[in-house]
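Notes to accompany the following structure.
2 protein chains.
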Amino acid sequence: MTLKQLEAFYWAATCINFAVAAERVHVSSSSLSKRIAELEHSLGLELFDKTGRNSVLTGHGDRLLPLAKDMLERAGAIRETLGSSIGLSGRCRLGMGEMSAMCWLPAFIAAVAARHPGLQVEPLVANDQVLERRLEDGELDCAVLAGASSRGGLASQAVGEAELAWVASPEFVTRCGTDRPAELVNGQLFISLPAGSGLTRALDQWAGQHGLSVERRLSCNNWGAVVSMIRAGLGFGLMPREWAHAMARRGALLVLQPEERLPSLGYVLQWRRDDSRALIAEMRRLVGRSVAFRAPECFI
Amino acid sequence: MTLKQLEAFYWAATCINFAVAAERVHVSSSSLSKRIAELEHSLGLELFDKTGRNSVLTGHGDRLLPLAKDMLERAGAIRETLGSSIGLSGRCRLGMGEMSAMCWLPAFIAAVAARHPGLQVEPLVANDQVLERRLEDGELDCAVLAGASSRGGLASQAVGEAELAWVASPEFVTRCGTDRPAELVNGQLFISLPAGSGLTRALDQWAGQHGLSVERRLSCNNWGAVVSMIRAGLGFGLMPREWAHAMARRGALLVLQPEERLPSLGYVLQWRRDDSRALIAEMRRLVGRSVAFRAPECFI
DNA sequence: CGCGTTTACGCCTCACGTAAACATC
DNA sequence: GATGTTTACGTGAGGCGTAAACGCG
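From first to last, the protein sequence lines are chains R and F.
Numbering follows numbering that gives the first Met the number 0, in which position 55 of the first sequence is assigned residue number 54; successive positions increment by one, without gaps.
Numbering follows numbering that gives the first Met the number 0, in which position 148 of the second sequence is assigned residue number 147; successive positions increment by one, without gaps.
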């Protein structure tokens, strides 16, 4: 029995399948399979029931799981307590929404690279539902999402707040004759992300507070497209404050005045609650001191 | 960092030197040295101060020691809890006194062999002081001694009681005109093991209770020699009861009548208190159900 | 047939033991 | 010189990935 075997077993037992677990321990699924077979041989019992498409834990496997987790945590604690502070290595699969990818990811990548030159961050941009599922499945190590997860298996920690601002193109405002969002929502097209996104939730919350309803909507799952449509004068919308002001400074957009009070978007880092790797602790540390959300360079 | 490395580190830290630790983990001292060097490299710190003839733990090593012990205990617990009940393997260095070696060892070896065919018991016969030191140094896995140790680092568990009987050769009794030990101690030669042995302690306890002193003594560190001398009529002595009666049955010795009440010798299994290997647990189990002290075959 | 896992196989690293060298007392 | 540890080095086992095969839906 080796730590590698226990690690392989643990992730195989808690990830969606062996292939995902293999990625997490940075080996081929063939090797992972063999590590588990070796562990089973050394303990003299079956840990997985492999009849069927997906391997499922046996009773013995169930009993081993908390023990293996404990071993791995303690091994991690030793490395953390005593190990020299050489940087992490390997890969970190980091999920996030598109806005985080544009406003926050570059600075974060820089911070990670400065502290851990050997760690390769692999960002995956997807919507919140996909991100949460991939987190649970083990395909992502952690993810930045708008708001804490509803899933019990995922833990979270605040990353920062993105304040929102109403925006529209100068031509659009001229055409409408008003820059008051409370008036625009009656009749004008509100362009934003699909239902379920943090942005849409923030809008609905705002509308509820003001007794308004947003009738005409256009949703697109791509921020660049949303911004382009707003800029083209197809409608009005919401954007992170810094982003909006950056575009306003070069005349591309107008920040609608007066800015209505909007709930800010609380972004959190999420990870699997049962994931006790040093990688996670370090990501939490780094996002805790990360820079604020910024306007994406490409739109300034 | 691997379990093997932690195991090597633990025993290197708690045995008298690397060579002894290497025997305990069944590798050459070269390999043990390299395992420790590997561990040091993987943690990025020095665990032993190797300037000097004996390696001594550094501060980092001190901190790692309890963590490593914990890891090994948990690994052992996994094997014990889940592992199939295949027998132990490897070697068990078992120390004991000469009497235990003759009266008790054969039956114990048989019991071990029946339960653990792959385990090789290596008995070492020596006196109690030597046994205790070797236990502490790590050269012995466990030992059967007369009475619990005075050393705090050693734990113990009762194995059995050896009842004693007075013996002398028929010719000796005839020559002395008495078979009462309380009379024989005045003037006759008492033949026994060296001071410090359980047998001598039992005699002194008996003498103290009866207000007697044993003046003439002959000590030899070899039971066979002691028995031979008693049988040759050089003096009288004490022997385990079964042993004495076995020799009396064939007329070789007389069991002196009436048998004075003597404290029996309480034999215990001793092991290092910090030794949490499954080997020790199994030895404790086996001696707990082991056969009683018997007359050694060679003297029946 | 698609998906998930294991087997086959060639490769190569790494851990081992023997033996010599080194360091300390 | 005796003792304790490390280095040198040749050997062998075992872990690795690629790719093919297997087994279940």
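Ideal placement from N, C-alpha and C gives every residue a C-beta, glycine not left out.
What you are looking at is a predicted structure, and each value in this text was computed from that prediction instead of being measured.
Within 7 Å: the Cβ of residue i and any heavy atom of the ligand FAD?
i	result
F/R90	No copy of the ligand FAD appears in this structure; indeed no ligand is present at all.
Is DSSP giving residue i helix, strand or coil here?
i	result
R/A147	coil
F/M95	strand
F/R271	strand
R/P105	helix
F/R174	helix
F/F8	helix
R/G197	helix
F/G186	coil
F/L264	strand
R/L123	strand
F/V111	helix
R/L202	helix
F/V129	helix
CB-CB under 7 Å to residue i, same chain, minus the five flanking residues each way: which ones, in chain order?
i	result
F/A251	R230
R/L118	G86, L87, S88, G89, C91, V111
F/V120	C91, L93, I108, V111
R/S32	F17
F/E170	G232
F/C175	L183, Q187
F/L104	M95, P122
Pull up the CB-CB distance for residue i and residue j, whole angstroms please, since I reckon it's below 8 Å.
i	j	result
F/P65	F/A100	With 8 Å as the limit, F/P65 and F/A100 do not qualify as a contact, their Cβ atoms being about 36 Å apart.
F/F17	F/S27	Contact flag wrong, Cβ pair sits at about 10 Å.
R/G94	R/L130	4 Å
R/A147	R/V267	6 Å
R/M246	F/A74	About 59 Å separates the two Cβ atoms, so there is no contact after all.
F/L255	F/A201	With 8 Å as the limit, F/L255 and F/A201 do not qualify as a contact, their Cβ atoms being about 15 Å apart.
F/L44	F/H59	5 Å
F/R23	F/G137	6 Å
I need the boundaries of the alpha helix (DSSP H) containing residue i, first residue and last residue.
i	result
F/P116	Taken as a continuous stretch (DSSP letters only), F/P116 belongs to no alpha helix (DSSP H), as it is neither H nor E.
R/P65	58-81
F/G306	In this structure chain F extends from 0 to 299, so residue 306 of chain F is not present and cannot be described.
F/S168	Per DSSP, F/S168 belongs to no alpha helix (DSSP H) and is neither H nor E.
F/F189	Element bounds for F/F189: not the alpha helix (DSSP H) but the beta strand (DSSP E), 189-191.
R/M228	222-230
F/L38	28-42
R/F17	17-23
R/L285	277-287
R/D140	Segment: none, R/D140 is in no alpha helix (DSSP H) and carries neither H nor E.
F/G86	Where F/G86 is concerned, there is no enclosing alpha helix (DSSP H), given that its DSSP letter is neither H nor E.
R/H181	It should be pointed out that residue 181 of chain R corresponds to Ala in this sequence rather than to His. It spans 180-183 - the alpha helix (DSSP H) in which R/A181 sits, taken as one unbroken run.
Using C-beta distances below 8 Å, list every residue in its chain close to residue i, excluding the 5 sequence neighbours before and after it, in chain order.
i	result
R/A206	V184, S212, V213
F/R133	G94, L123, A125, L139, A142
F/S275	K68, L71, E72, G75
R/T177	L183
R/R280	Looking at the sequence provided, one finds Ala at residue 280 of chain R rather than Arg. Excluding positions up to five away in sequence, the list reads E79.
R/P116	G86
R/H244	A164, V254, A294
R/A234	Inspection of the sequence shows that residue 234 of chain R is occupied by Gly rather than by Ala. Taken in chain order, the residues that qualify are A167, F171, Q187, L188, F189, I190, R215, L217, M228.
Going by beta carbon distance, what residues of the same chain come within less than 6 Å of residue i, once the five residues before and after it are set aside?
i	result
R/D300	In the structure as shown, chain R starts at 0 and stops at 299, and residue 300 of chain R therefore has no counterpart that could be examined.
F/L215	The sequence given here has Arg at residue 215 of chain F, not Leu. Answer for F/R215: L188, listed in chain order.
R/P295	M101, C102
R/S227	none
F/C219	V225
F/R62	none
The beta strand (DSSP E) that contains residue i, what's its start and end?
i	result
R/M0	Unbroken run through R/M0: none, as it is neither H nor E.
F/S218	216-218
F/L303	Given a span of 0 to 299 for chain F in the structure shown, any question on residue 303 of chain F remains unanswerable.
Could you name the residues of the segment 60-71 of chain R whose beta carbon sits closer than 7 Å to any beta carbon of chain F, in the order they occur along the chain? R62, L63, L66, D69, M70
For the segment 13-45 of chain R, enumerate the residues whose C-beta is nearer than 9 Å to any C-beta of chain F, in chain order. S41, L42, G43, L44
In chain order, what residues of the segment 100-134 of chain F put their CB closer than 8 Å to some CB of chain R? none
Name the residues in the segment 273-297 of chain R whose C-beta lies less than 7 Å from a C-beta of chain F; which are they? none
Scan the segment 234-250 of chain F for residues whose Cβ lies nearer than 7 Å to a Cβ of chain R and list them as they occur along the chain. none
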